[in-house]
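The structure appears below as structure tokens.
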Amino acid sequence: MKKALVIEDNEDNMKLITFILEKNGYSTIRAENGKMGIELATKERPDFIILDIQLPDMDGIEVLREIRRSKINVEIPIIAMTSYAMSGDREKLLAAGCSGYIEKPIDPITVISQIKEIIGEEL
Amino acid sequence: MRFFQNFSIKSKLIGIILLVSILAIGTGFTLVIINNIKTFKEDMVNNTFVNAGLFGEYCITPMAFEDKKGAAEILQKLEAIPSIMNGYVYDESGDLFAAYNKSGNTIIPPRLNGKPAAEFEGKYLHVVQPVIYQDQKYGTIYLRASTAILDNKIKNHLITMMLLLAGLTLISYFLAHRFQKVISGPILKLANVTKEVSEKADFSVRVEKKGDDEIGALYDGFNEMMEQIQMRKHERDKAELALRESEEKFRKVFESSYDAMILLDENEFLDCNNATLRIFGYATREEFLGKHPSEVSPPKQTDGKDSRLTADERIAKALREGSCFFEWTHRRSNGEVFPAEVLLTTMEIEGRKVIQATVRDITERKKVEEELRKHREHLEELVKERTGELEEKTIALENEITIRTAIERNLRTEKAYIDQLFESAQEAIVVTGKDGRVLRLNSEFIRLFGYTIDEAIGAFLDDLIASKEYYDEAVSVTKKVAEGEKIVFESVRRRKDGTLLNVSLLASPIIVDGKLIAIYGIYRDITKLKKAEKALKERSKELAEANIRLKELDRLKSMFIASMSHELRTPLNSIIGFTGLILQGLAGEINAEQKDQLQRVYGSAKHLLALISDVIDISKIEAGKVEVYTEEFQLEGVIEEAVSSIKTQIDDKRLDLEIIIPQGLRLKTDRKRLLQCVLNYLSNAVKFTEKGNIRIAAEEIDGTVKITVKDSGIGIKKEDMTKLFNSFVRLDSPLRFTTLGTGLGLYLTKKLATEMLKGLVSVESSYGKGSTFMLEVPKEIRDEK
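Chains as they are written, first to last, in this note's numbering: chain A, 6 to 128; chain B, 20 to 804.
Structure, rendered in structure tokens:
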């Protein structure tokens with residue numbers, strides 16, 4: 006069973022994502038802010054990370070960079086969640102090391118396939 | 020009978036009456052007479068019989084007693100009877116018994132047969148009567164009476180009657196005479212009146228009707244007749260009068276006419292007036308009348324035609340057409356030929372067609388005409404000559420005038436320009452002499468500096484408008500210009516009322532033919548300008564400050580939009596997310612009703628999300644907060660993405676989708692926005708097409724990529740086309756309530772296409788048949804980052 010780290014500050018969103026992931030056979034680790042996220046990413050070594058860009062304490066991009074900087078997590082797929090992606094943001098995210106992004110609000114029906122696509126799993 | 024017919028009525032009437040009377044009376048009288056005579060006779064007879072009887076009876080006794088004497092005595096008594104001449108009595112044997120004879124009348128007594136008888140014979144009456152007494156015949160008595168008395172009686176009677184007759188006849192005559200007047204009177208009267216009428220020819224006479232009998236009728240008739248006659252006479256008199264008058268007139272005209280007036284028929288002249296004789300040179304009418312027109316004409320007319328034939332022709336024409344007018348050549352009695360005007364007019368006189376000819380000797384006129392003609396010819400020649408000369412002169416003059424006029428006009432125009440310019444210039448212009456005295460100025464100068472023309476003209480300009488401080492400067496300027504320099508600068512001058520004003524001044528010399536004759540100065544009031552400059556500076560400062568504030572606001576706006584974007588979406592995340600999960604059954608089984616209701620929630624949430632997205636988008640665009648992010652990409656990818664997102668709807672509606680995209684078409688522009696536009700078009704197409712097909716095509720033309728989305732949907736009405744791309748417009752259509760839409764789609768697309776993709780949107784549609792939406796964007800847009 007693959008492990009997913011979800012870094013999301015909104016409780017509802019957290020519930021939503023984790024519910025979907027668990028229903029689809031993934032286990033989840035939750036982090037409710039950037040700092041926690043970075044910590045847990047290093048500590049827990051998830052199979053992939055889902056990262057909300059709008060975090061209260063740190064800029065999502067910063068978190069992204071931080072995680073990438075730590076050597077251990079260079080390969081991990083990090084999926085960014087953005088509530089509206091400005092075309093420019095995309096570049097920034099990609100440049101910062103995110104593997105893909107899903108738009109908020111999440112479409113519960115298609116989100117799993119979106120995620121699978123990014124992490125390279127078969128649908 | 021005819022003899023009698025000639026008697027007068029009076030006589031006739033009297034005669035008739037008399038005749039009748041006489042006849043009547045005569046007949047009557049005759050009858051009476053006859054009757055009377057008969058009666059007389061009878062009487063006599065009777066008397067005689069009676070006497071016979073009587074005396075017979077008397078004689079009976081004697082007879083019985085054979086008393087002859089006694090009988091004779093008795094018979095002697097017969098003497099008393101005047102008429103009886105003889106009386107004889109006979110006995111039964113017929114013998115004379117007794118006799119009586121009047122003296123002197125003795126006769127032989129006749130033999131009798133005894134039968135009673137009475138017989139007249141000659142002048143005597145013989146009466147025989149038997150004497151019978153008691154049926155016994157004693158004898159016979161015979162009496163002879165003389166009819167003398169009878170005759171006398173008769174004679175008397177006759178005379179009387181005759182006298183009576185005469186008398187009656189006379190009376191008759193008188194009466195007849197008198198009363199025939201009843202008949203004859205009126206008739207005679209009428210006769211007299213008639214005679215009178217015919218003698219005196221007085222038709223006004225009328226007779227008075229006395230009675231309604233035939234005479235009355237006759238009278239009426241007579242009166243009527245008279246009436247008629249009078250009327251006719253009256254009319255005839257009138258006619259006669261008119262005729263006479265007309266005749267007189269004609270005669271007058273005829274005679275007094277200056278022209279020859281001739282009456283003629285086809286053969287000869289019938290009558291003519293005095294003028295004719297004068298003109299033709301004849302002494303008496305008789306010489307002229309009876310001739311044919313050709314006889315008073317030369318043998319041939321001026322045109323060579325034969326006079327007689329031509330004359331006859333003319334006459335015939337007049338007879339045919341009623342009139343004929345022509346010129347003719349006549350000949351006077353002395354052989355002189357003369358021209359004439361002839362008018363023939365056909366008239367009918369007493370049923371006969373005659374021609375009245377008026378002949379006017381036009382010799383004089385012809386002469387005059389000829390002279391006029393010659394004169395005119397002469398004049399014309401003269402005129403021609405003169406005209407020729409005149410024309411030449413005129414042309415020359417005209418040319419000169421034209422030139423002069425042109426020159427003058429130019430001059431005037433020039434002057435007008437200059438004057439107008441001078442006057443209407445918005446700057447104050449003043450012309451001064453070399454010495455600085457004002458020669459001329461315009462209205463603006465007056466207005467600007469406040470001086471009147473009279474005050475200014477002749478005064479030194481510098482005294483007028485230079486203030487103390489600037490006086491020297493002004494004077495030096497004047498000097499410089501007087502030396503030929505042109506000066507432009509800004510300075511301060513003074514109005515009449517002492518107020519100062521900033522002016523821009525241009526002073527220049529006016530040099531004509533190398534000589535400086537005047538100086539002109541143009542003053543522009545730049546006070547306002549100066550003020551404006553100052554104001555401008557202040558404004559700039561203000562603007563700079565405002566700008567800073569705006570920038571701040573802008574920044575705040577961005578933050579607002581960004582946070583709105585985030586804040587609005589977040590709750591939706593939960594709504595969509597969790598309802599989606601439940602609908603998928605991931606939170607447990609749900610019954611149909613729950614599913615249905617949740618689907619509604621899910622749908623609404625999706626719709627809300629779309630709305631928010633659109634609104635945020637528009638806000639950003641309107642706020643200019645959207646950056647264009649250019650990237651290179653293949654068009655196919657964008658189209659595929661768009662198509663896949665509406666695939667399910669297309670399949671659900673069983674619509675055909677056609678995609679015509681050139682392969683490998685690369686663009687360099689904002690991919691996301693382009694996708695947004697295409698998606699908008701496609702989703703509209705799907706929404707508004709119930710059956711048929713949708714076609715999306717793209718082509719590249721001259722650096723522009725044109726993408727068209729064509730559908731066979733409900734189309735758009737002409738009147739709606741203009742508001743199509745406006746915000747919040749959802750067109751009224753049958754599908755309005757069955758499709759979801761924000762009303763912002765096309766608006767946003769337009770904004771994106773025009774402002775971000777630097778392109779165009781357009782649409783063509785046919786209501787009920789379908790629509791074609793087009794999007795044209797530059798293939799490459801310059802990076803404006």
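Backbone N, C-alpha and C define an ideal beta-carbon position, used for all residues, glycine too. For clarity, every value in this text was computed on a predicted model and none was experimentally measured.
For the pair S118 of chain A and A565 of chain B, the Cα-to-Cα distance works out to about 51 Å.
The three-state secondary structure of N38 of chain A, taken from DSSP, is coil.
From the beta-carbon of G764 of chain B, no residue of chain A is found nearer than 9 Å; the closest lies around 17 Å away. DSSP places A478 of chain B outside both helix and strand once states are collapsed to three, so it counts as coil. Contacts between I595 of chain B and chain A, judged by CB atoms closer than 8 Å, involve P110, I111, D112 and P113 in chain order. At a cut-off of 9 Å between C-beta atoms, Q119 of chain A does not count as an interface residue with respect to chain B. Annotation: the stretch 200 to 272 of chain B contains no complete segment of the beta strand (DSSP E) (minimum length 3 residues). With its beta carbon less than 9 Å from one in chain A, T589 of chain B belongs to the interface.
At a cut-off of 9 Å between beta carbons, Q616 of chain B makes no contact with chain A.
By the criterion of at least three beta-carbon pairs nearer than 8 Å, the stretch 688 to 700 of chain B is in contact with the stretch 763 to 770 of chain B. Taking 9 Å as the cut-off, the beta carbon of L460 of chain B is found closer than this to the beta carbon of I448 of chain B. For N592 of chain B, the chain A residues whose Cβ falls inside 8 Å of its Cβ are N15, D17, N18, L21, S88, K109, P110 and I111, in order along the chain. Spatial neighbours of I248 of chain B in its own chain (CB-CB distance under 6 Å, excluding positions within 5 residues in sequence) are listed in chain order as F222. Rounded to the nearest angstrom, the gap between the Cα atoms of G34 of chain B and M181 of chain B is 19 Å.
Inclusion of R543 of chain B and E651 of chain B in the CB contact set at 9 Å is not warranted, their separation being larger than that value.
S112 of chain B: not part of any beta strand (DSSP E); DSSP gives it neither H nor E. In the three-state reduction of the DSSP assignment, E108 of chain A falls in the strand class, which pools E and B.
Distances from the CA of A99 of chain B to each of B:G89, B:Y109, B:L144 and B:N120 were compared; the closest alpha carbon is that of B:N120. For Q653 of chain B, none of the residues of chain A pass the 8 Å Cβ criterion, the least Cβ distance being about 17 Å. Of the candidates B:V782, B:L520 and B:I234, B:L520 places its Cα closest to the Cα of L467 of chain B. Nearest neighbour of D290 of chain B by Cα position, chosen from B:R297, B:Y277, B:R304 and B:Y143, turns out to be B:R304.
Scanning chain A for C-beta atoms nearer than 8 Å to the C-beta of Q603 of chain B yields P113 and I114, reported in chain order. The Cβ of A606 of chain B sits closer than 9 Å to at least one Cβ of chain A. Note that the C-beta distance between N70 of chain B and L97 of chain B is below 9 Å. Residue contact with chain A for G599 of chain B: present (Cβ-Cβ distance below 9 Å to some residue of chain A).
Annotation: L562 of chain B has no Cβ neighbours in chain A at a cutoff of 8 Å; minimum Cβ distance is about 31 Å. Closest by C-alpha distance to L296 of chain B, out of B:F273, B:E285, B:P318 and B:D284, is B:F273. Counting only Cβ-Cβ distances below 9 Å, F24 of chain A has contacts in chain B at G596, F597, L600, L605 and A606, in chain order. In the structure shown, the three-state DSSP call for Q616 of chain B is helix. Looking at the DSSP output, Q155 of chain B shares a beta bridge with B:Y152. Counting C-beta pairs closer than 8 Å gives fewer than three between the stretch 309 to 323 of chain B and the stretch 406 to 414 of chain B, which falls short of the contact rule.
The Cβ of E96 of chain A sits closer than 9 Å to at least one Cβ of chain B. Rounded to the nearest angstrom, the gap between the Cα atoms of G42 of chain A and G65 of chain A is 10 Å. For P358 of chain B, the beta-bridge partners assigned by DSSP are B:T348.
Counting of Cβ neighbours within 10 angstroms places D481 of chain B among the buried residues, the total reaching 16 or more. Chain-order list of chain A residues neighbouring L628 of chain B: P110, by C-beta distance under 8 Å.
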